[in-house]
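Peer 1: In full-length UniProt numbering, the protein residues as written are 1 to 377.
Shown below is the structure under consideration.
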Ligand SMILES: NC(=O)C1=CN([C@@H]2O[C@H](COP(=O)(O)OP(=O)(O)OC[C@H]3O[C@@H](n4cnc5c(N)ncnc54)[C@H](OP(=O)(O)O)[C@@H]3O)[C@@H](O)[C@H]2O)C=CC1
Ligand SMILES: N[C@@H](CC=O)C(=O)O
Ligand code: NA
C-alpha cells in the first residue's frame, strides 16, 4: 500500500472563521504536513497554487497581502472547480473545497463541486438547511464510490462541538431519537445569559447584541441570529439526520415555526451595521419582555426543539425558572443540547460548550478536514 499523500484544500471565504482555519492549518505541525492549501478566494480575489509556484502561507508569509495583491479576480465557481480538478490531477491528491462564507450561491454550488470529485467541508448552514432538493442533490453527489467526494459540516451546528457526529453515531448504531432540545445559538445564548439573569440585570438589550457582534459570535448580518433563522437552520440540519424527519421540512429552515426577535420596523434593514445602530430604539420593548418574565420568577432563553415522535420542530423564546439549568449553568456563547433517545431515556446525553467564535468554529472545520484526510488522503 502506498503512503498517504495528504489532501489539498481550497479555502473560499477568508473572514473571521476562514482566517482562523488558515492559522490552524499553517501553524500546527502535524496538520501543515498533511493538509496543503492550494487556493484562497474571497469575493474579490483568488490566489492559486501552481506546480512551479506552490502556495506558502505559513507565517512569516502574509497571506492577506498575497491575496489582496493577486492579479486574479475572484473566479466564477465553475472555473474554480475546473482549476481545482487540474490541481488534484497534477498533485495526485484528493482536493477539498472549504466554504467559509455565508453565501447562498456558494452553498448552492456544492452538488457541482462534489460532481467534479471535490469534497466539501463547511460551517455555512445555507446548503444543508436549504431546500430539500438542494439537500438531496448534495447527499446523492457525496455518497458515491469508495473513493468519491465527501461532505462534512460539523461546524454548521454548535460550531466545533461534536453535535452532528454524535447524532450520526446515535442513528447509525440503531438508537431511536425521541427528542433533541436546547440552546443552539451562541449569539442568543450570550445575549440572554448577560441580559436576562437570575439576579436581574441592568444591561440594555442593544448593548449586549453589540458585544456579541464584536466577539465574532453573530452571523455577518446579526438579523440572521435575532430573527431565529440561524436556529431554525440548525434545527433543519439536525432533523434531516433523523431518518423519520429527513423529508419533513421541504422548504428547509423556512418550514420551521420560528419566533423572531427582530422588531418589525427593522425587518427590511439589509445592512448589519444599520440594524445594530437602530436597535437601541427598541430597548424599551425588550425591557418590558424581560420584566414580565422576572415577575414570574423566570429568565428568558431562546431554545430549539425537535420532537421526533410528534414530528414537530420549533424555535422559540421560552421562560425558565431561575433555578433551571438553562438559567444557571450557561455562560458566554455556550450551546447546550440534550439528546433524549431510547438508550438515553433515563437521563439525556448532553453536549455543552462554546457554540460560536472564530477559533472553536475553525476547530470543527479543521477536524472535518482531518476526517477527509483520514479517508481520502
Ligand atoms: N462566527 C461564528 O461563530 C460561526 C460562524 N459560522 C459560519 O461561518 C461562516 C463564516 O462566518 P464569518 O467568518 O463570521 O463571516 P465573515 O463575514 O467574517 O467572512 C465571510 C467571508 O466570505 C467571503 N465571501 C462572501 N461571499 C463570497 C463569495 N460569493 N465568494 C467568495 N467569498 C465570499 C467574504 O469575502 P469579502 O470580505 O471579500 O466579502 C469573507 O472573506 C458563516 O457561514 C457562518 O454562519 C458557523 C459557526 C459559528
Ligand atoms: N451566529 C451563530 C454562529 C454559529 O453558528 C451563533 O451565534 O450561534
Ligand atoms: Na458542531
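Glycine is no exception: its CB is placed at the ideal position from the N, C-alpha and C atoms.
The model shown is predicted, which means the values in this text are computed figures rather than measured ones.
1. To which residues of the same chain is residue 261 closer than 6 Å at the C-beta, ignoring the five residues directly before and after it?
2. Under 8 Å by Cβ, that's how I've got residue 364 and residue 155 pegged, so tell me the actual separation to the nearest angstrom.
3. Am I right that residue 19 and residue 45 are in contact with their C-beta atoms under 8 Å? What's the rounded C-beta distance?
4. Write down the C-beta distance between residue 289 and residue 300 rounded to the nearest angstrom, noting that I regard them as a contact closer than 8 Å.
5. Going by the CB atoms, is the gap between residue 181 and residue 338 shorter than 8 Å?
6. According to DSSP, is residue 45 helix, strand or coil?
7. Which residue's Cα is closest to the Cα of residue 244: 171, 189, 190, 344?
8. Based on DSSP bridge pairs, tell me the residues matched to residue 21.
9. State buried or exposed for residue 128, treating a residue as buried only when at least 16 other CB atoms are found within 10 Å of its CB.
10. Determine the direct distance from the alpha carbon of residue 302 to that of residue 190, and round the result to whole angstroms.
11. Along the chain, where does the alpha helix (DSSP H) that runs through residue 233 open and close?
12. Can you tell me which of the three DSSP states residue 319 falls into?
13. Any heavy atom of ligand 1 closer than 7 Å to the Cβ of residue 85?
14. From what residue to what residue does the beta strand (DSSP E) around residue 179 run?
15. I need the boundaries of the beta strand (DSSP E) containing residue 335, first residue and last residue.
16. Applying the 10 Å Cβ sphere with the 16-neighbour rule, what's the burial state of residue 232?
17. With distance defined between alpha-carbon atoms, name the residue in 82, 118, 103 nearest to residue 95.
18. Helix, strand or coil, according to DSSP, for residue 352 in the structure here?
19. Quick check: the Cα distance between residue 176 and residue 61, rounded to an integer number of angstroms?
20. What does a CB cutoff of less than 7 Å around residue 4 pick up in its chain, not counting 5 residues either side in sequence?
21. Excluding the 5 residues flanking residue 1 on each side, which residues of the same chain have their C-beta closer than 6 Å to its C-beta?
22. With hydrogens ignored, establish whether the beta-carbon of residue 237 is closer than 7 Å to any heavy atom of ligand 3.
23. Could you give the DSSP three-state label for residue 256: helix, strand or coil?
24. Can you list, in chain order, the residues of its chain whose CB lies under 6 Å from that of residue 340, leaving out five sequence neighbours each side?
25. Return helix, strand or coil for residue 62, following the three-state DSSP convention.
26. Taking the alpha helix (DSSP H) that residue 365 belongs to, which residues open and close that run?
27. Using 8 Å for Cβ pairs, my map puts residue 7 next to residue 373. What's the rounded Cβ distance?
28. Assign residue 219 to one of three DSSP states: helix, strand, or coil.
29. Assign residue 99 to one of three DSSP states: helix, strand, or coil.
30. Measuring CB atoms only, is the region 109-126 touching the region 150-166, in the sense that at least three cross pairs come out at less than 8 Å?
31. Could you tell me the boundaries of the beta strand (DSSP E) in which residue 8 lies?
32. Cβ of residue 185 within 7 Å of any heavy atom in ligand 2?
33. Beta carbon of residue 143, beta carbon of residue 351: below 8 Å?
34. At the level of alpha carbons, what is the spacing between residue 291 and residue 330?
35. Can you tell me the Cα-Cα spacing of residue 80 and residue 97, whole angstroms?
36. Check whether the Cβ of residue 217 lies closer than 7 Å to any heavy atom of ligand 2, and answer yes or no.
Peer 2: In this structure, then:
1. Cβ within range, chain order: 226.
2. The pair is a contact, with the Cβ atoms about 3 Å apart (cut-off 8 Å).
3. Not quite, the Cβ-Cβ distance comes to about 15 Å (not below 8 Å), so this is no contact.
4. Confirmed, Cβ separation roughly 7 Å.
5. In this structure, residue 181 lies closer than 8 Å to residue 338 by Cβ.
6. Residue state, collapsed to three classes: strand.
7. Nearest C-alpha to residue 244 among 171, 189, 190, 344: 171.
8. Answer by DSSP bridge pairing: none, since residue 21 is not bridged.
9. Buried, since its Cβ has 16 or more Cβ neighbours within 10 Å.
10. If you take the alpha carbons of residue 190 and residue 302, they lie about 10 Å apart.
11. Note, residue 233: alpha helix (DSSP H), 229-239.
12. Note: residue 319 maps to strand in three-state DSSP.
13. Not one heavy atom of ligand 1 sits closer than 7 Å to the Cβ of residue 85.
14. Unbroken beta strand (DSSP E) run through residue 179: 177-183.
15. Taken as a continuous stretch (DSSP letters only), the beta strand (DSSP E) holding residue 335 covers 334-341.
16. When all chains shown are included, residue 232 counts as buried.
17. Here the closest residue by C-alpha is 118.
18. Three-state DSSP puts residue 352 in a strand.
19. Those two C-alpha atoms are separated by around 50 Å.
20. Summary for residue 4: the model assigns pLDDT 46, below 50, so the residue's position carries little reliability; its value from the coordinates is reported in the next sentence. Correct list, in chain order: 377.
21. No answer about residue 1 holds up, because its pLDDT of 47 lies below 50 and its placement is not dependable.
22. Residue side-chain check: residue 237 keeps its Cβ at 7 Å or more from all non-hydrogen atoms of ligand 3.
23. In the structure shown, residue 256 falls within a coil segment according to DSSP collapsed to helix, strand and coil.
24. Only 178, 179, 348 meet the Cβ criterion.
25. Three-state result, residue 62: coil.
26. Per DSSP, residue 365 belongs to the alpha helix (DSSP H) from 358-376.
27. Cβ-Cβ separation between residue 7 and residue 373: approximately 5 Å, consistent with a contact (criterion under 8 Å).
28. For residue 219, the three-state secondary structure derived from DSSP is coil.
29. Strand at residue 99.
30. Yes, since at least three Cβ pairs between the region 109-126 and the region 150-166 fall closer than 8 Å, the two stretches touch.
31. Residues 7-12.
32. Checking every heavy atom of ligand 2 against the Cβ of residue 185, one is found closer than 7 Å.
33. Taking 8 Å as the Cβ cut-off, residue 143 and residue 351 do not qualify as a contacting pair.
34. Here the alpha carbons of residue 330 and residue 291 stand approximately 20 Å from one another.
35. Residue 80 and residue 97: Cα-Cα distance of roughly 10 Å.
36. Under cutoff, so the answer is yes.
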